[in-house]
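Student:
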Amino acid sequence: MKELWRRIARAGVSAIGVWILAGATIAVAEECRNRGQLDTLYCDDDNDLVADVPSDPKKLRDPSTLVFAYTPVEDPAVYQNVFKPFTDFLAQCTGKRVVYYPVQSNSAEIEAMRSGRLHIAGFSTGPTGFAVNLAGAVPFAAKGSEKGPHGYHLISIVRKDSPYQKLSDLKGKRVAHTSPSSNSGNLAPLVLYPPEGLKPNEDYKPMMSGGHDKSALGVASGDYDMAGVASDVFERMIARGTL
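Numbering (numbering that gives the first Met the number 0), first residue to last: 0 to 242.
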């Protein structure tokens, strides 16, 4: 099994963010020597910060169909065809049917894994910790290629005709964040904007758009004066001609 996932990780690592296995999704009712920050459903007796595999074989699952989802940083429908080579390869490796499940929010993706309806997923940076602690998720690969890991940056965007040229100009303006658990869409701005003269929740009230693509389109249409988004999403939207 370990060799199988090494093969899958090598095949899929160039196309995804953080890959997660729901290997410990089954509730663990046994007494725990250590749980850390994990939900009470899970144990971490080996202190590796992720949920242990249940020691009772009866609590292990072997679904005939594997369900895969990817973090909804953009329209979920965008990814179904993008990930078909991976899901086809996963089906070949496991001998199981694999279906793509389009989730509409980070919380929906986490809940689907927690409930056992989602078996393998790509999570963006922000929700990964929540998935580990609340859904028993086990990260095993990160976005990259043979050249090394791929990353992204928080970028703050305005319309090209905007009078706002620095963050401190946006006090009292309409500034979009994406969702509470998003790293580049919310958590990073909370930390990085104040040193630049713009304090979220003091100088402006963040407007949650529901997604990086929605934030970018909202700026383009004039619904928002500025938005903080992930650079890779922004670049893909430009490449597709969406912006």
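Heads up, the beta-carbon is just placed ideally off N, CA and C, and yes, glycines get one too.
As the structure is a prediction and not an experimental result, all values here were calculated from the model.
Is the separation between the beta-carbon of alanine 187 and that of tyrosine 223 shorter than 8 Å?
Tutor: In this structure, tyrosine 223 does not lie closer than 8 Å to alanine 187 by Cβ.
Student: How is valine 102 classed by DSSP in three states: helix, strand or coil?
Tutor: It is coil, neither helix nor strand.
Student: On a CA-only basis, which of Val97, Ser208, Lys83 and Leu48 is nearest aspartate 61? Give me that one, please.
Tutor: Among Val97, Ser208, Lys83 and Leu48, the Cα nearest to that of aspartate 61 belongs to Val97.
Student: By how many angstroms is the C-alpha of lysine 146 removed from the C-alpha of leucine 197?
Tutor: Between leucine 197 and lysine 146, the C-alpha separation is close to 36 Å.
Student: Just to confirm, are valine 72 and serine 123 a CB contact at a threshold of 8 Å?
Tutor: Taking 8 Å as the Cβ cut-off, valine 72 and serine 123 qualify as a contacting pair.
Student: Can you confirm whether the segment 155-166 touches the segment 223-232 when touching is taken to mean that 3 or more C-beta pairs between the two stretches lie within less than 8 Å?
Tutor: The segment 223-232 is in contact with the segment 155-166.
Student: Quick check on the DSSP output: what are the complete beta strand (DSSP E) runs of length 3 or more inside the segment 114-184, in order along the chain?
Tutor: Here the runs fully enclosed are 119-122, 137-141, 153-156 and 174-176.
Student: What are the residues that DSSP puts in a beta bridge with leucine 65?
Tutor: Leucine 65 is bridged to Val97.
Student: Any idea if leucine 169 is buried or exposed, counting beta-carbon neighbours within 10 angstroms, 16 or more meaning buried?
Tutor: Leucine 169 comes out buried.
Student: If we count the other Cβ atoms within 10 Å of its Cβ and call it buried at 16 or more, is asparagine 105 buried or exposed?
Tutor: Flag for asparagine 105 reads buried.
Student: Can you check which of these residues, Gly240, Asp231 and Gly94, is closest to serine 63 by C-alpha distance?
Tutor: Residue Gly94 is the option with its Cα nearest to serine 63.
Student: In whole angstroms, what is the alpha-carbon distance linking leucine 89 and glycine 135?
Tutor: For leucine 89 and glycine 135, the distance between alpha carbons rounds to 21 Å.
Student: Any idea which residues DSSP pairs methionine 236 with across the strands?
Tutor: None; methionine 236 has no bridge partner.
Student: Per DSSP, what are the beta-bridge partners of valine 228 in this structure?
Tutor: According to DSSP, valine 228 bridges with Ile154.
Student: Using the Cβ count rule (16 or more neighbours within 10 Å means buried), how would you classify valine 102?
Tutor: Flag for valine 102 reads buried.
Student: Just curious, the alpha helix (DSSP H) that lysine 57 is in, first and last residue?
Tutor: Run containing lysine 57: none; DSSP gives neither H nor E here.
Student: Measure how close the beta-carbons of threonine 177 and glycine 209 come, nearest whole angstrom, since I'm counting them as under 8 Å.
Tutor: Their Cβ separation, rounded to whole angstroms, is 7 Å, which keeps threonine 177 and glycine 209 in contact under 8 Å.
Student: Evaluate arginine 239 with the Cβ neighbour count: other Cβ atoms within 10 Å of its Cβ, from every protein chain shown; 16 or more gives buried, anything less gives exposed.
Tutor: It is exposed - the Cβ of arginine 239 has fewer than 16 other Cβ atoms within 10 Å.
Student: If distances are taken between C-alpha atoms only, which option among Ala215, Ala219 and Ser220 comes closest to aspartate 231?
Tutor: Residue Ala215 is the option with its Cα nearest to aspartate 231.
Student: Cα separation between methionine 206 and arginine 173?
Tutor: If you take the alpha carbons of methionine 206 and arginine 173, they lie about 7 Å apart.
Student: Quick one: grab the DSSP three-state call for tyrosine 223.
Tutor: In this structure, tyrosine 223 counts as coil in the three-state DSSP scheme.
Student: Taking serine 181 as the reference, give the member of Phe85, Ile109, Glu30 and Asp44 with the closest Cα.
Tutor: Ranking Phe85, Ile109, Glu30 and Asp44 by Cα distance to serine 181 puts Ile109 first.
Student: Counting along the chain, where does the alpha helix (DSSP H) carrying leucine 191 start and finish?
Tutor: Where leucine 191 is concerned, the enclosing alpha helix (DSSP H) stretches over 187-191.
Student: Note down, in chain order, each residue of its chain lying with its Cβ closer than 7 Å to the Cβ of tyrosine 151, except the 5 sequence neighbours on either side.
Tutor: Cβ neighbours of tyrosine 151 beyond the five flanking positions: Ser183, Ala229, Ser230 and Asp231.
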